[in-house]
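Chains as they are written, first to last, in the numbering used here: chain S, 2 to 202; chain E, 2 to 202.
In what follows, a single structure is set out as structure tokens and then discussed.
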């Protein structure tokens with residue numbers, strides 16, 4: 002049944018109104034407005050609780066300059082600075098294999114900017130690949146909440162070419178070379194089911 | 002040629018003087034007074050530079066409470082607290098396998114106190130073993146600078162028994178169940194040569 006105005010004229014929603022509705026839905030039910038990091042941490046908690054894998058986010062490295070030791074209470078850090086991480090954010094073990102990855106998101110719709118990755122991280126990924134570790138990146142396009150797994154060998158290749166070629170990875174190429182991570186409730190981002198299909202067959 | 006006093010009497014060093022000399026030697030050349038952590042970090046740098054393995058110490062986890070953002074300079078953390086780590090200190094990849102360990106030292110000469118390990122760390126080690134990761138502890142007896150590798154399954158077993166049995170692992174049992182790590186110059190503590198012999202045969 003169509004909706005009608007009081008004057009009897011049929012109500013036809015405009016194209017962008019429809020889009021807004023579906024966009025809101027996707028945010029409130031699919032992603033619930035959480036960051037990719039929060040979603041992955043919850044997924045890792047699930048994997049740990051179920052005995053599926055042991056994967057943790059590494060703490061942020063800080064340079065501590067000044068610490069106070071007040072009587073009868075814990076040491077208080079009074080001056081410290083954020084340091085650039087020399088590795089990726091996540092690592093751990095799944096079925097005996099070493100797992101290592103970085104997670105990033107972009108608001109871009111058609112490509113993923115390479116400036117999201119630092120030189121140290123790319124070098125670290127290359128080192129892990131040389132040691133036959135499983136290494137990848139999880140890329141979220143936040144506009145439509147799509148998450149892809151892209152093997153580190155592709156990311157590194159694009160990253161090193163960016164000086165002479167483009168400074169982002171086209172989404173079409175991520176779709177072709179990568180793998181969609183299905184959304185779920187438990188776990189939210191079931192990237193290990195995809196890892197299992199790709200690396201354990 | 003023996004050393005003589007001015008009165009012609011031969012100088013015979015006392016037993017404990019001799020011991021002191023050899024002890025000092027062992028400190029200045031063997032260990033150079035560095036902590037076990039420093040020695041392991043240098044060894045890990047060597048492994049990384051030589052393409053042997055990718056193993057890093059995790060940053061200390063901190064709870065950040067207050068951050069200042071002064072103009073034109075980096076963010077300054079003004080209040081933060083040390084948090085207890087929920088995992089071990091070191092992990093990484095060696096020949097495709099996941100490596101995970103904790104390093105501790107004691108001044109005790111005949112046993113290693115179990116209070117050096119926290120519940121979270123022991124639980125984490127159990128989880129890693131369930132995932133078929135390679136998990137162990139490096140134990141240094143600092144008095145004579147001996148380092149042993151002890152598989153996590155033994156450490157966990159002693160740790161869980163401590164309520165009813167002894168609160169330390171006798172050195173004799175560490176010698177029997179563990180493996181001596183030979184001292185070297187490059188790398189200082191070549192634990193991966195031992196890991197290779199134990200876990201890759």
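Just so you know, even glycine gets a beta-carbon here, dropped at the ideal spot from N, CA and C.
- Distance from the CA atom of residue 86/S to the CA atom of residue 129/S, rounded to whole angstroms, is 15 Å.
- DSSP places residue 40/E within a helical segment (H, G or I) once states are collapsed to three.
- Membership of residue 86/S in any alpha helix (DSSP H) is not indicated, and neither H nor E is assigned to it by DSSP.
- At a cut-off of 8 Å between C-beta atoms, residue 195/E does not count as an interface residue with respect to chain S.
- Per DSSP, residue 70/E lies in no alpha helix (DSSP H) segment and is marked neither H nor E.
- Contact with chain S is found for residue 88/E, since one of that chain's Cβ atoms lies less than 8 Å from the residue's Cβ.
- One Cα belongs to residue 166/E, the other to residue 50/S, and the distance between them is close to 29 Å.
- The C-alpha of residue 198/S lies about 26 Å from the C-alpha of residue 115/S.
- Not a single C-beta of chain S is nearer than 8 Å to the C-beta of residue 107/E.
- Within the segment 101-133 of chain E, the runs of alpha helix (DSSP H) at least 4 residues long that lie entirely inside it are, in chain order, 120-131.
- Between residue 95/E and residue 184/S, the alpha-carbon positions lie close to 32 Å from each other.
- Looking only at 80/E, 121/E, 72/E and 138/E, the smallest Cα-Cα distance to residue 37/E is reached by 138/E.
- Secondary structure note for residue 186/E: it is in no alpha helix (DSSP H), with a DSSP letter that is neither H nor E.
- By the Cβ rule, the segment 95-104 of chain S counts as touching the segment 98-118 of chain E, because three or more pairs are nearer than 8 Å.
- Rounded to the nearest whole angstrom, the CA to CA distance from residue 80/S to residue 178/E is 44 Å.
- Here residue 94/E is bridged, per DSSP, to 55/E and 99/E.
- Here residue 103/S is near residue 122/S, since their CB atoms are less than 8 Å apart.
- Using a Cβ distance threshold of 8 Å, residue 76/E and residue 70/E count as a contacting pair.
- By the CB criterion at 8 Å, residue 106/E and residue 143/E fall inside the cutoff.
- DSSP, read as helix, strand or coil, puts residue 136/S in strand.
- For residue 42/E, the nearest beta carbon of chain S is not closer than 8 Å to its own beta carbon.
- With a contact defined as Cβ atoms closer than 8 Å, residue 88/S and residue 125/S qualify at about 5 Å.
- Between the alpha carbons of residue 40/S and residue 118/S lies a distance of about 20 Å.
- Under the 8 Å criterion on CB atoms, residue 120/E is classed as non-interfacial with respect to chain S.
- Around residue 92/S, the beta-carbon contacts reaching into chain E at under 7 Å are 92.
- Residue-level contact by beta carbon holds for residue 95/S and chain E, with a gap shorter than 8 Å.
- The contact set of residue 129/S on chain E, defined by CB atoms closer than 8 Å, consists of 55 and 94 in chain order.
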